[in-house]
């Protein structure tokens, strides 16, 4: 691949603990890779806390609120309550209408999670798993919600257990036709992706139907092993969630033969738990750890898997994963404390996905809508739509393999930017800075320029404002010439002290828009420019 | 000028994007820049990707084996009486009236059983194979991108420029097409609406030699190209026209093809347009339980068929039929037997469609074989290698020198006559040695075939659109020079035919139309 030949590749391939200076750049690098948009204060706090404490903080999954009903079409639960365990109306048309309301609630809930993330890897990691499994929202939002919560529950937990639970989760059973995979007509869809994408991964085709790590026979055997599960309770008027149920009569009870890739193992009939036996066999192959560690590396560190990285970094991650019986946390803990992770050549090696660009703009300014539930929800749905227009529909990955930016060589995350997408990104940047903002319920939601500037280290000092904004929004220091351009936007070409006077007047006159508006406008102009700089679009 | 909505809730799938690195030690592959021949100048190829793996057996239906189709796929098979008759052996899905009309007009051809050896049933790997035109796992370029690289080395550095102001290819949607991935950049330019204006702020980021630096250069170049190509595309779209009334505004592919017609008629010099239809991965509910002629697959085929018919109608009205040809492809066909979910699982070979006035019309290759034996996981056997189709399109349509084509592909190419019908007698430089001419054309009871040859054996036969010989015009040793050979065509029924001329020096063909 080209970057190998022409790009400075990492100097350090060491997975030993990073012992270099822990400055704002290292702290920012960790937080930007593990969050959608850390604030300046979060970065400063991380510097003060040190690497180990920060990584420990990052590697926690906090509890979150449930999605709330806000749309008038929700007729089962009251406005402002959650519907995740509520039934549906028995009338099909009414159930459809309620489902639409719940999908809207769910979409708003997802965006709110990203917008209000605390210092934690949770949202970034949940999105990793959403991408990994590629499941599309099902027609019962309770099931979609449960599926997303299942991913969250296991996000830092045990990978093997996650695969087992996802295998028989109703959303997955519906998505890859496990729910119609029966003794009488095996459906290979899930059995294929379980091997090809979710666990052991597909290698080069080395013979007819032989993909290095498994064969077509394994796909066929897997389909039989997984027979018998169906989904009940979809949009039920009595059941409070869709459920997976095993029907022995639909299960293929023959003994299934696996290929030489699995030591010619056989899987005897074990009814409802046979899938678990099969997954145990798959996980005996260390290739499973190699597959998932490689994917974690590409997502959190660098899509370009150099030969050096494959030889030196991945094996350490794999070893850690195997020795911890497929626990995910120790692998990430080691990675985020490694010398390799903080190598200078890796800063800016990832192009932001649309949500990283959107919340990478809002979150550092602590821009969280605090209107009423309906206005907030509609606003989040508009943001959801903007992300769609830039190529990322969170609840609907484009395929079971997830987004192309995470697997399609040679371009990977460059695929987030095409002429169509970049126009939508730039239009969005204009909208939320120097234009009206996103309208919802009579309000206009923008990046909160005043909160942003107030949170910087010395907001009254023009050069410091520009430095801090670049720390927050760019992965590396930018040139003095670029900083000067930005500072001239901030000061409108006047001497720096004019900004100081302007800012101090605003502080001295709280609530007076005569003084705050000019400050807001100057900051908006600066960040409008930053959001259109190539630097901003990388992390 | 039209306004575009600020947000588009469309997500058109996959591909690769430009990739830029300056100062890379790039060796031009071709010693001399090959010039596309005059005849190929201005020619356009429209590619429609059927994403997910189209079920060929419910698209181009082998009606001669209908009883076995019932055995294999009783829950999804199209009722025999609903199938659109095409030939004695082949029928179309009932929604494909548009493509049926085109076939009857000689503007649609079918290449049967296209695939590659040892089918890989992964969507992702198989799509990589189809877009790269290579089975080599390390090949990251697209089949068109490799050819573009030969002609325009160093792209995207210094493109667009005065000689090449327009994008080489247009990908309709948000993402560029992997078929056009070159060594350093992707030759396709993604647009959703040619009337949208682009005026993006440019930055002045610096390439510091790291991954970050390569991204800076990539984004800078993207912004520059977006602005410059955007102006060209706007100008073409505004200057262009569209005349067909057959386009359905609710058909997203029809809307995109109308944009394509506007850009072509407005003079945009892009050589390739790529469109995409998602949803062909019909593991379940491919057909409605209650009516196998309806459902997901029917909707998809109708979208395709209606859109292509409208587009061809437009090209005809715009006088552009001689300049535009199209093809469809999908990563694989589906298994012969259906599953219990009223769907089909990943299979092997499948038919491709070519369309346009310049195609070698008819059906190339026999029907797939459908037996009465249910064989687990069986798909249709590959008979024509998709790389041969690609190579033939490059040769027939873009008039790329075969000397240049062979190195683009890893296997030894066997050319298929696919897109040569407009090539003969149009271009002085590239004049076919046979110099074929049929006159009058259209003809009623008799006509004359004029051809040039050396001192050689010449066989000329008339074939119908299914490629079956319906009469021999000449089959003997001829003297060098020009010959005018009378043809009795009174026995032929009304319609389009192709005369194929086989000589020691090669095969040539020409189309003619028989009137009542």
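Protein chains in written order, with this note's numbering: chain A, 1 to 539; chain B, 1001 to 1516. Each residue gets a CB set at the ideal place from its N, CA and C atoms; glycine is no exception.
For this session: Could you have a look at residue 113 of chain A and say whether DSSP puts it in helix, strand or coil?
Result: Per DSSP, reduced to three states, the secondary structure at residue 113 of chain A is helical.
Problem set entry | 7 Å Cβ cutoff, residue 187 of chain A in contact with chain B | Residue-level contact check: residue 187 of chain A touches chain B, since one or more beta carbons of chain B fall below 7 Å from its beta carbon.
Exercise. Does any residue of chain B bring its CB to less than 7 Å from the CB of residue 503 of chain A?
Worked result: The C-beta of residue 503 of chain A comes no closer than 7 Å to any C-beta of chain B.
Exercise. Are the stretch 120 to 134 of chain A and the stretch 416 to 426 of chain A touching by the rule of at least three beta carbon pairs closer than 8 Å?
Worked result: These segments do not touch.
Exercise. What does a CB cutoff of less than 8 Å around residue 104 of chain A pick up in its chain, not counting 5 residues either side in sequence?
Worked result: If the five residues before and after residue 104 of chain A are omitted, its C-beta is found closer than 8 Å to the C-beta atoms of 70, 71, 377 and 381, all from its own chain and listed in chain order.
For this session: Tell me, please, which residues DSSP counts as bridged to residue 1443 of chain B.
Result: Per DSSP, B/1514.
For this session: Per DSSP, which residues does residue 1170 of chain B bridge with? Please list them.
Result: Beta-bridge pairing links residue 1170 of chain B to B/1189 and B/1273.
Exercise. Mind pulling the chain E residues with CB within less than 8 Å of residue 1345 of chain B?
Worked result: Absent from the structure is chain E; the protein chains it does hold are A and B.
For this session: For residue 80 of chain A, I'd like the list of residues in its chain whose CB is within less than 8 Å of its CB, leaving aside the five on either flank, ordered along the chain.
Result: Counting only Cβ-Cβ distances below 8 Å, and skipping sequence neighbours, we find 68, 69, 70 and 373.
Exercise. Should residue 403 of chain A be labelled buried (16 or more other beta-carbon atoms within 10 Å of its own) or exposed?
Worked result: Buried is the call here.
Exercise. Should residue 37 of chain A and residue 359 of chain A be called a contact, given that it needs their Cβ atoms to be closer than 7 Å?
Worked result: Their beta carbons are under 7 Å apart, which means residue 37 of chain A touches residue 359 of chain A by this criterion.
Exercise. Among residues of its own chain, excluding the 5 on either side of residue 476 of chain A, which ones have a beta-carbon nearer than 6 Å to its beta-carbon?
Worked result: These residues qualify, in order along the chain: 347 and 348.
Exercise. So does residue 376 of chain A have its beta carbon nearer than 6 Å to some heavy atom of the ligand FAD?
Worked result: Summarising the ligand content, the structure contains no ligands, and the ligand FAD is consequently not present.
Exercise. Cβ of residue 203 of chain A less than 7 Å from any chain B Cβ?
Worked result: It does not: the Cβ of residue 203 of chain A has no partner Cβ on chain B nearer than 7 Å.
Problem set entry | DSSP beta-bridge partners of residue 1115 of chain B | Beta-bridge pairing links residue 1115 of chain B to B/1385.
For this session: Identify each residue in the stretch 1200 to 1212 of chain B for which the Cβ-Cβ distance to at least one residue of chain A is less than 7 Å, and report them in chain order.
Result: 1200, 1201, 1203, 1204, 1205, 1206, 1209, 1210, 1211 and 1212: these are the residues of the stretch 1200 to 1212 of chain B whose beta carbon lies less than 7 Å from some beta carbon of chain A, given in chain order.
Exercise. Counting only beta-carbon atoms, is residue 10 of chain A nearer than 7 Å to chain B?
Worked result: Not one chain B Cβ lies under 7 Å of residue 10 of chain A.
Exercise. Using a Cβ-Cβ cut-off of 6 Å (strictly less than) and excluding sequence neighbours within five positions of residue 1287 of chain B, which residues of its own chain qualify?
Worked result: Contacts found: 1076, 1295 and 1342.
Exercise. In terms of alpha-carbon separation, which member of A/40, A/127, A/17 and A/26 lies closest to residue 466 of chain A?
Worked result: Each of A/40, A/127, A/17 and A/26 was checked against the Cα of residue 466 of chain A, and the nearest Cα belongs to A/40.
Exercise. Going by Cα to Cα distance, which pick from A/351, A/97 and A/120 is closest to residue 141 of chain A?
Worked result: When A/351, A/97 and A/120 are compared, the shortest CA-CA separation from residue 141 of chain A is found for A/97.
For this session: Buried or exposed for residue 1347 of chain B, please, with buried defined as at least 16 other CB atoms from any protein chain shown within 10 angstroms of its CB.
Result: Taking every protein chain shown into account, the CB of residue 1347 of chain B has 16 or more other CB atoms within 10 angstroms, so this residue is buried.
Problem set entry | Neighbour list for residue 1116 of chain B in chain A, Cβ cutoff strictly below 9 Å | Scanning chain A for C-beta atoms nearer than 9 Å to the C-beta of residue 1116 of chain B yields nothing, as the closest lies near 11 Å away.
Exercise. In angstroms, rounded to a whole number, what distance separates the CA positions of residue 547 of chain A and residue 184 of chain A?
Worked result: The requested residue 547 of chain A does not occur in the structure, where chain A is confined to residues 1 to 539.
Problem set entry | Inter-stretch contact at 8 Å, needing at least 3 Cβ pairs: the stretch 43 to 60 of chain A / the stretch 118 to 125 of chain A | The stretch 43 to 60 of chain A is in contact with the stretch 118 to 125 of chain A.
Exercise. Residue 537 of chain A touches chain B at which residues, Cβ-Cβ below 7 Å?
Worked result: Correct list: 1219.
Problem set entry | Same chain, Cβ closer than 7 Å to residue 288 of chain A, five either side skipped, listed in chain order | Here the set comprises 199, 200 and 282.
Exercise. Alpha carbon to alpha carbon, what distance is there between residue 419 of chain A and residue 234 of chain A?
Worked result: Their Cα atoms are separated by approximately 41 Å.
For this session: Could you have a look at residue 1181 of chain B and say whether DSSP puts it in helix, strand or coil?
Result: The answer is strand: DSSP assigns residue 1181 of chain B an E or B state.
For this session: Taking only the alpha-carbon atoms, compute the straight-line gap between residue 1184 of chain B and residue 1217 of chain B and give it to the nearest angstrom.
Result: Distance between the alpha carbons of residue 1184 of chain B and residue 1217 of chain B is about 12 Å.
Exercise. Do we get a CB-CB distance below 7 Å when we pair residue 540 of chain A with the residues of chain B?
Worked result: Residue 540 of chain A lies beyond the residue range present for chain A, which begins at 1 and ends at 539; the question has no answer from this structure.
For this session: Since I believe residue 18 of chain A is in contact with residue 337 of chain A (beta carbons under 8 Å), could you give me their beta-carbon distance rounded to a whole number of angstroms?
Result: Confirmed, about 6 Å.
Problem set entry | Coil, strand or helix - residue 435 of chain A by DSSP | Residue 435 of chain A falls in the coil class under three-state DSSP.
For this session: Please confirm whether residue 1284 of chain B and residue 177 of chain A have their CB atoms less than 7 Å apart.
Result: Yes. Within cutoff.
Exercise. If we call anything under 7 Å between Cβ atoms a contact, is residue 1417 of chain B one with residue 1360 of chain B?
Worked result: Yes.
Problem set entry | Minimum Cβ-Cβ distance from residue 523 of chain A to chain B less than 7 Å | No - not a single Cβ of chain B is within 7 Å of the one on residue 523 of chain A.
Problem set entry | Residues of its chain near residue 1027 of chain B, where Cβ-Cβ distance is below 7 Å and the 5 sequence neighbours each way are ignored | Confidence in residue 1027 of chain B is poor, its pLDDT being 32 and thus under 50, which makes the residue's placement unreliable; the coordinate value appears in the next sentence. Counting only Cβ-Cβ distances below 7 Å, and skipping sequence neighbours, we find nothing.
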